[in-house]
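K.L.:
In mature numbering (1 follows the signal peptide of the UniProt record, and there is no 0), the protein residues as written are -21 to -1, 1 to 158.
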């Protein structure tokens, strides 16, 4: 009896996930992504792929360390502090699915020569990190220009992300299905 209920639950979740993806409008490139997927910890939106990792070193980092935050891959985390004393551990990527809040600002940048803009989750608007562009660029650029440039990158707060592989293990069964 329990096996039948669990099978029905899994079938329902599969159908729910597929229909939910259609309703939510999953971005077109999600099926093209390679590597481990990073999700918004708040809502589960697909933010980036481990194949988009791009280490950008900063002299202003308070500390750096290698960690296995994405699958088995070693990733360099950098620790930064903003003018208000808040500290953030970030990873840098060449691109991510984010909403960028232009205009870009060159004050208090962690990467000299780059201006930054806050970046949030496109679905739930949680602050996930910052997008960086060369300081000699206009304060506001098109999304396409930002994504296509080799000079731009994003810094994402590691505590605001979740690996898709890990999230898939977090299936919670309703009380009626527990033994």
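No residue lacks a Cβ here, since even glycine has one placed at the ideal position from N, Cα and C. Keep in mind that this is a model prediction, so the values were computed, not measured.
Comparing alpha-carbon positions, which option in 116, 149, 56, 94 lies nearest residue 42?
P.N.:
Residue numbering aside, residue 42 sits at position 63 when the chain shown is read from its first letter. Here the closest residue by C-alpha is 56.
K.L.:
With a threshold of 6 angstroms on Cβ separation, who are the neighbours of residue 79 within its own chain once the five nearest residues in sequence on each side are excluded?
P.N.:
By one-based count along the chain shown, residue 79 stands at place 100. Excluding residues within five positions, the ones whose Cβ falls inside 6 angstroms are 96, 98, 110.
K.L.:
Enumerate in chain order the residues of its own chain whose CB-to-CB distance from residue 74 is below 6 angstroms, with the five nearest sequence positions on each side excluded.
P.N.:
Mapped onto the chain shown, residue 74 falls at position 95. Closer than 6 angstroms at the Cβ level, and outside the excluded window around residue 74, lie 31, 126.
K.L.:
What is the rounded straight-line gap between the Cα of residue -3 and the Cα of residue 136?
P.N.:
Within the chain shown, residue -3 is the residue found at index 19, counting from 1. Within the chain shown, residue 136 is the residue found at index 157, counting from 1. In this prediction, residue -3 has a pLDDT of 36, which is less than 50 and means its spatial position is unreliable; nothing more can be read from the coordinates.
K.L.:
Tell whether a beta-carbon distance below 7 angstroms holds between residue 72 and residue 38.
P.N.:
Within the chain shown, the letter at position 93 stands for residue 72. Within the chain shown, the letter at position 59 stands for residue 38. Their beta carbons are not under 7 angstroms apart, which means residue 72 does not touch residue 38 by this criterion.
K.L.:
Cα-Cα, which of 67, 116, 77 is closest to residue 138?
P.N.:
For the purposes of this step, residue 138 is taken as residue 159 along the chain shown, with counting starting at 1. Residue 138 has its Cα closest to that of 67, out of 67, 116, 77.
K.L.:
Taking DSSP as the reference, what is the three-state secondary structure of residue 79?
P.N.:
Along the chain shown, read from residue 1 onward, the residue named residue 79 stands at position 100. Residue 79: strand per DSSP, three-state reduction.
K.L.:
Would you call the CB atoms of residue 82 and residue 119 closer than 7 angstroms?
P.N.:
Working through the chain shown from its first residue, we reach residue 82 at position 103. Working through the chain shown from its first residue, we reach residue 119 at position 140. A contact, by the Cβ cut-off of 7 angstroms.
K.L.:
How many Å lie between residue 60 and residue 88 at the Cα?
P.N.:
As a first step, residue 60 must be located in the chain shown, where it is residue number 81. As a first step, residue 88 must be located in the chain shown, where it is residue number 109. The straight-line gap from Cα to Cα measures roughly 10 angstroms.
K.L.:
Does the Cβ of residue 65 have 16 or more other Cβ atoms within 10 Å, making it buried, or fewer, making it exposed?
P.N.:
The sequence position of residue 65 within the chain shown is 86, counting from 1. Classification for residue 65: exposed.
K.L.:
In three-state DSSP terms, what is residue 124?
P.N.:
Indexing the chain shown from 1 puts residue 124 at position 145. Three-state result, residue 124: helix.
K.L.:
So for residue 115, helix, strand or coil by DSSP?
P.N.:
Indexing the chain shown from 1 puts residue 115 at position 136. The answer is coil: DSSP assigns residue 115 none of H, G, I, E or B.
K.L.:
In the DSSP output, what is residue 94 paired with across the bridge?
P.N.:
Locating residue 94 in the chain shown gives position 115, counting from the first residue. Looking at the DSSP assignment, residue 94 forms a beta bridge with 112.
K.L.:
Relative to the C-alpha of residue 44, which residue among 112, 51, 107, 70 is closest?
P.N.:
Taking the first residue of the chain shown as 1, we reach residue 44 at position 65. Nearest of 112, 51, 107, 70 to residue 44, Cα basis: 70.
K.L.:
Mind checking who residue 48 pairs with in its DSSP beta bridge?
P.N.:
Here residue 48 refers to the residue found at position 69 of the chain shown. For residue 48, which the question treats as bridged, DSSP gives no partner whatsoever.
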